[in-house]
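**Student:** Taking UniProt numbering, the leading residue of the sequence shown gets 1, the next gets one more, and so forth.
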Amino acid sequence: MKKYFIIFAVLCFNFGFSQQKQVKRAAVAFLNVENLWDTIASADYIDGTLPFSNPKFHRSVPIDSLKFLETTEDYKGEWSNELLVGKKVIRHQILATDFTANSPKRWGTKYYNQKLANEAKVISELGRQYTNDNPAICGLIEVENRQVIEDLIKQPVLAKSNYGIVHYNSYDARGIDIAIIYQKNRFVVQNSYTKEIKVYNEDGRRQYTRDVLVAIGLLDGEKIAVFMNHWPSRSGGEAASQPRRNAAAAVLKAEMDKLSVDYPGIKLISMGDYNDDPVSPSLKKHLGAVEKPEDLSDKTPYYNLMYKLYKAGVASLAYRDAPNLFDQIIISQNLYSKEKLTPTYSVFKAEIYAPSYLVNKEGQWKGYPLRSWDGDRFTGGYSDHFPAVSVLQKEYIKK
Numbered sequence: 001m002k003k004y005f006i007i008f009a010v011l012c013f014n015f016g017f018s019q020q021k022q023v024k025r026a027a028v029a030f031l032n033v034e035n036l037w038d039t040i041a042s043a044d045y046i047d048g049t050l051p052f053s054n055p056k057f058h059r060s061v062p063i064d065s066l067k068f069l070e071t072t073e074d075y076k077g078e079w080s081n082e083l084l085v086g087k088k089v090i091r092h093q094i095l096a097t098d099f100t101a102n103s104p105k106r107w108g109t110k111y112y113n114q115k116l117a118n119e120a121k122v123i124s125e126l127g128r129q130y131t132n133d134n135p136a137i138c139g140l141i142e143v144e145n146r147q148v149i150e151d152l153i154k155q156p157v158l159a160k161s162n163y164g165i166v167h168y169n170s171y172d173a174r175g176i177d178i179a180i181i182y183q184k185n186r187f188v189v190q191n192s193y194t195k196e197i198k199v200y201n202e203d204g205r206r207q208y209t210r211d212v213l214v215a216i217g218l219l220d221g222e223k224i225a226v227f228m229n230h231w232p233s234r235s236g237g238e239a240a241s242q243p244r245r246n247a248a249a250a251v252l253k254a255e256m257d258k259l260s261v262d263y264p265g266i267k268l269i270s271m272g273d274y275n276d277d278p279v280s281p282s283l284k285k286h287l288g289a290v291e292k293p294e295d296l297s298d299k300t301p302y303y304n305l306m307y308k309l310y311k312a313g314v315a316s317l318a319y320r321d322a323p324n325l326f327d328q329i330i331i332s333q334n335l336y337s338k339e340k341l342t343p344t345y346s347v348f349k350a351e352i353y354a355p356s357y358l359v360n361k362e363g364q365w366k367g368y369p370l371r372s373w374d375g376d377r378f379t380g381g382y383s384d385h386f387p388a389v390s391v392l393q394k395e396y397i398k399k
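Here is the structure:
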């Protein structure tokens, strides 16, 4: 019996004895890894002669290697995949040298390896008490590039799970990306892509943020789509920045609605740092994510698993000294069931994972997440967000 099968007893009163049923579970989770940067100053190189789906279409490269790469122009236009077709150009990042040995952060190999070990430890624990396994699918927020993800999944506590990677470089000005890692023997990716979020500041100038990352495939044989999000921040104030997150919600909803039509019966999981609470207009009004299962309908088919936790006072971070639950998991109606055990996957559990070692125990930030950074000083901590976890389960029927 594989380790992610769990056995429990169901009382059968007609016969007066316990009958054993097997349960298969899968943790689908994510965490903000708080600036997981390598130690090499880098820039983005876009090779528009390649298809968007090719990871080399837009990749991170060491600045020292730029002189060896062909460019067609010094590009000054808007940054968008479609506008870069046929071009070979360089895009510099504003944090290019921040995470290097000679920067104020003194970011060298020792700290980088410690950071990798820290994040791998947390990932390995997400949902483990319910599955006795690493997450089947795990989203990552604030990764610099594909290389740091490859280094992460090679950590001993993760390597045994044989993780694959879904990642595309973003046009975020700081070079921050999102990604998904997945156990290749459990989730078979059939397609992946990004959906661009176009947002603008008060002066009408484009502000570059992270796209919505979409992965479609089979989780233990069931068709699902995972949407990974890192929505625009509250920079400039909550009210002034709200339209940017409303725009992100519109992009997400349009794609979730579309896949529901394109693949009847597909199960949808949207997760990430929305930079808004469950009650915010972006999630409640523009996405239409409901508070309670009873509110689910054909017109409101998305259920926010974190709404109940938010009402109970659970937080995943503290923004400007106020507790917030920005880290959320939202599911489609067909992933919820009133029955405890069903033949196909449904949600068993959802939580914010905050064991004692992830919590700051003293000082001004007591009770907050034990973050990795205090200004330019690496603290040896983990993240400024607690991770979010959902656990799916179904009856396992031996074939």
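From the three backbone atoms N, C-alpha and C, an ideal C-beta is built for every residue, glycine too. The structure displayed is predicted, hence computed values, not measured ones.
Measure the alpha-carbon distance for residue 404 versus Ala354 and round it to whole angstroms.
**Tutor:** The requested residue 404 is not part of the displayed model; the chain covers only 1 to 399.
**Student:** Counting pairs of beta carbons, one from the stretch 135-145 and one from the stretch 171-182, are three or more of them closer than 8 Å?
**Tutor:** These segments touch.
**Student:** Should Pro135 be labelled buried (16 or more other beta-carbon atoms within 10 Å of its own) or exposed?
**Tutor:** Here the question's residue 135 lines up with position 135 in the sequence shown. The residue in question, Pro135, is buried, as its Cβ has 16 or more Cβ neighbours within 10 Å.
**Student:** Starting from the Cα of Thr100, find the closest Cα among Ile90, Tyr111, His92 and Arg91 and give me that residue.
**Tutor:** Taking the sequence shown and counting its residues from 1, the one referred to as residue 100 is at position 100. Per the Cα distances, Tyr111.
**Student:** Is DSSP giving Tyr310 helix, strand or coil here?
**Tutor:** Reading the sequence shown from its first residue, position 310 is the one you call residue 310. Of the three classes helix, strand and coil, the one that applies to Tyr310 here is helix, per DSSP.
**Student:** Please name the residue in Gly288, Ala120 and Glu291 whose C-alpha comes closest to that of Gly156.
**Tutor:** Residue mapping note: residue 156 aligns to position 156 of the sequence shown, counting from 1. According to the sequence provided, residue 156 is Pro. The question's Gly does not apply to it. Among Gly288, Ala120 and Glu291, the Cα nearest to that of Pro156 is on Ala120.
**Student:** Applying the criterion that 16 or more other CB atoms from any shown protein chain within 10 Å of the CB defines a buried residue, is Val188 buried or exposed?
**Tutor:** Numbered from its first residue, the sequence shown carries residue 188 at position 188. Classification for Val188: exposed.
**Student:** Can you list, in chain order, the residues of its chain with a C-beta nearer than 6 Å to that of Gly381? Leave out the 5 residues immediately preceding and following it.
**Tutor:** Within the sequence shown, residue 381 is the residue found at index 381, counting from 1. Once the five neighbours on either side are set aside, the close Cβ partners of Gly381 are Leu370, Arg371 and Ser372.
**Student:** Could you tell me whether the Cβ atoms of Leu317 and Asp277 are closer together than 8 Å?
**Tutor:** The residue you call residue 317 lines up with position 317 of the sequence shown. The residue you call residue 277 lines up with position 277 of the sequence shown. Not a contact, by the Cβ cut-off of 8 Å.
**Student:** Around the C-beta of Val261, are 16 or more other C-beta atoms found within 10 angstroms, so that it is buried, or is it exposed?
**Tutor:** Here residue 261 corresponds to residue number 261 of the sequence shown, with the count starting at 1. With fewer than 16 other Cβ atoms within 10 Å, it is exposed.
**Student:** So Glu291 is in the alpha helix (DSSP H); what residue range does that whole segment cover?
**Tutor:** Counted from its first residue, the sequence shown places residue 291 at position 291. Careful: Glu291 lies outside any alpha helix (DSSP H) and carries neither H nor E.
**Student:** Is Ile330 near Ala289, with beta carbons less than 8 Å apart?
**Tutor:** Taking the sequence shown and counting its residues from 1, one reaches residue 330 at position 330. Taking the sequence shown and counting its residues from 1, one reaches residue 289 at position 289. Closer than 8 Å, so yes.
**Student:** Touch check for the stretch 340-357 and the stretch 73-91: three-plus C-beta pairs under 8 Å?
**Tutor:** Segments in contact, no.
**Student:** Straight-line CA distance for Asn185 to Gly363?
**Tutor:** Numbered from its first residue, the sequence shown carries residue 185 at position 185. Numbered from its first residue, the sequence shown carries residue 363 at position 363. Rounded to the nearest angstrom, the two C-alpha atoms are 44 Å apart.
**Student:** I need the boundaries of the beta strand (DSSP E) containing Asn118, first residue and last residue.
**Tutor:** Within the sequence shown, residue 118 is the residue found at index 118, counting from 1. Here Asn118 belongs to no beta strand (DSSP E); instead the alpha helix (DSSP H) covers Thr109 to Glu125.
**Student:** Which value, in whole angstroms, describes the spacing of the CA atoms of Lys198 and Asn304?
**Tutor:** Taking the sequence shown and counting its residues from 1, the one referred to as residue 198 is at position 198. Taking the sequence shown and counting its residues from 1, the one referred to as residue 304 is at position 304. Each residue's Cα considered, the two are about 24 Å apart.
**Student:** According to DSSP, simplified to helix, strand and coil, what is Leu296?
**Tutor:** Here residue 296 corresponds to residue number 296 of the sequence shown, with the count starting at 1. Here Leu296 sits in coil by DSSP.
**Student:** Starting from residue 401, trace the beta strand (DSSP E) in both directions and tell me its first and last residue.
**Tutor:** In this structure the chain extends from 1 to 399, so residue 401 is not present and cannot be described.
**Student:** Taking the alpha-carbon positions, what's the Phe5 to Gln22 distance?
**Tutor:** Numbered from 1 along the sequence shown, position 5 holds the residue referred to as residue 5. Numbered from 1 along the sequence shown, position 22 holds the residue referred to as residue 22. At Phe5 the pLDDT is 39, less than 50, meaning the model places this residue with poor confidence; the figure from the coordinates comes in the next sentence. Cα to Cα, Phe5 sits roughly 6 Å from Gln22.
**Student:** What is the DSSP secondary structure of Lys88, reduced to helix, strand or coil?
**Tutor:** Here residue 88 refers to the residue found at position 88 when the sequence shown is read from its first residue. Here Lys88 sits in strand by DSSP.
**Student:** In whole angstroms, give me the CA-to-CA distance for Asn229 and Ile216.
**Tutor:** Within the sequence shown, residue 229 is the residue found at index 229, counting from 1. Within the sequence shown, residue 216 is the residue found at index 216, counting from 1. Approximately 15 Å, taken between the alpha carbons.
**Student:** Is it right to say Asn201 is buried, meaning 16 or more other beta carbons lie within 10 angstroms of its own, or is it exposed?
**Tutor:** Indexing the sequence shown from 1 puts residue 201 at position 201. Classification of Asn201: exposed, given that the 10 Å Cβ count is below 16.
**Student:** Just curious, the alpha helix (DSSP H) that Val261 is in, first and last residue?
**Tutor:** Numbered from its first residue, the sequence shown carries residue 261 at position 261. Glu238 to Asp262 is the span of the alpha helix (DSSP H), which, as asked, contains Val261.
**Student:** Please list the segments of the beta strand (DSSP E) lying wholly inside the stretch 326-360, counting only runs of 3 or more residues, in order along the chain.
**Tutor:** The stretch 326-360 contains these whole beta strand (DSSP E) runs: 327-332 and 346-352.
**Student:** With 16 other CB atoms within 10 Å as the buried threshold, where does Asn132 fall?
**Tutor:** As a first step, residue 132 must be located in the sequence shown, where it is residue number 132. So Asn132 counts as exposed.
**Student:** Considering Asp177, what are the terminal residues of the alpha helix (DSSP H) in which it resides?
**Tutor:** For the purposes of this step, residue 177 is taken as residue 177 along the sequence shown, with counting starting at 1. Careful: Asp177 lies outside any alpha helix (DSSP H), inside the beta strand (DSSP E) at Asp177 to Gln183.
**Student:** For my contact list, Arg25 and Tyr130 are in at a C-beta cut-off of 8 Å; report their separation, rounded to the angstrom.
**Tutor:** Start at 1 with the first residue of the sequence shown, and residue 25 comes out as number 25. Start at 1 with the first residue of the sequence shown, and residue 130 comes out as number 130. Going by Cβ atoms, the distance from Arg25 to Tyr130 rounds to 6 Å, so yes, they are a contact pair.
**Student:** Rounding to the nearest angstrom, what Cα-Cα distance links Asp47 and Gly86 in this structure?
**Tutor:** The count along the sequence shown starts at 1 and reaches residue 47 at position 47. The count along the sequence shown starts at 1 and reaches residue 86 at position 86. The straight-line gap from Cα to Cα measures roughly 7 Å.
**Student:** Between Arg210 and Tyr336, what straight-line distance do the alpha-carbon atoms span, to the nearest angstrom?
**Tutor:** Position 210 of the sequence shown holds residue 210. Position 336 of the sequence shown holds residue 336. Approximately 29 Å, taken between the alpha carbons.
**Student:** Using three-state DSSP, classify Phe13 as helix, strand or coil.
**Tutor:** Looking up residue 13 in the sequence shown gives position 13. With a pLDDT of 28 at Phe13, under the threshold of 50, the modelled position of this residue cannot be trusted; read the value that follows with caution. Coil at Phe13, not helix or strand.
**Student:** Taking its Cβ as the centre, do 16 or more other Cβ atoms sit within 10 Å of Pro232, making it buried, or is it exposed?
**Tutor:** Here residue 232 corresponds to residue number 232 of the sequence shown, with the count starting at 1. With 16 or more Cβ atoms within 10 Å of its Cβ, Pro232 is classed as buried.
**Student:** Helix, strand or coil, according to DSSP, for Tyr274 in the structure here?
**Tutor:** Taking the first residue of the sequence shown as 1, we reach residue 274 at position 274. Note: Tyr274 maps to coil in three-state DSSP.
**Student:** Which same chain residues, not among the five before or five after Leu95, have their C-beta less than 7 Å away from its C-beta?
**Tutor:** On the sequence shown, residue 95 is found 95 positions in, with the first residue counted as 1. For Leu95, where only same-chain residues beyond five positions count, the Cβ hits under 7 Å are Arg174 and Gly175.
**Student:** If you count every other CB in all the chains shown that lies within 10 Å of the CB of Gln328, and 16 or more means buried, which is it?
**Tutor:** As a working mapping, residue 328 is identified with position 328 in the sequence shown. Buried is the call here.
**Student:** Rounded to whole angstroms, what is the Cα-Cα separation between Lys366 and Ser356?
**Tutor:** What you label residue 366 is simply residue 366 of the sequence shown in a count that begins at 1. What you label residue 356 is simply residue 356 of the sequence shown in a count that begins at 1. Those two C-alpha atoms are separated by around 12 Å.
**Student:** Compare the beta carbon distance of Val212 and Leu252 with 8 Å and say whether it is the shorter of the two.
**Tutor:** Working through the sequence shown from its first residue, we reach residue 212 at position 212. Working through the sequence shown from its first residue, we reach residue 252 at position 252. Yes.
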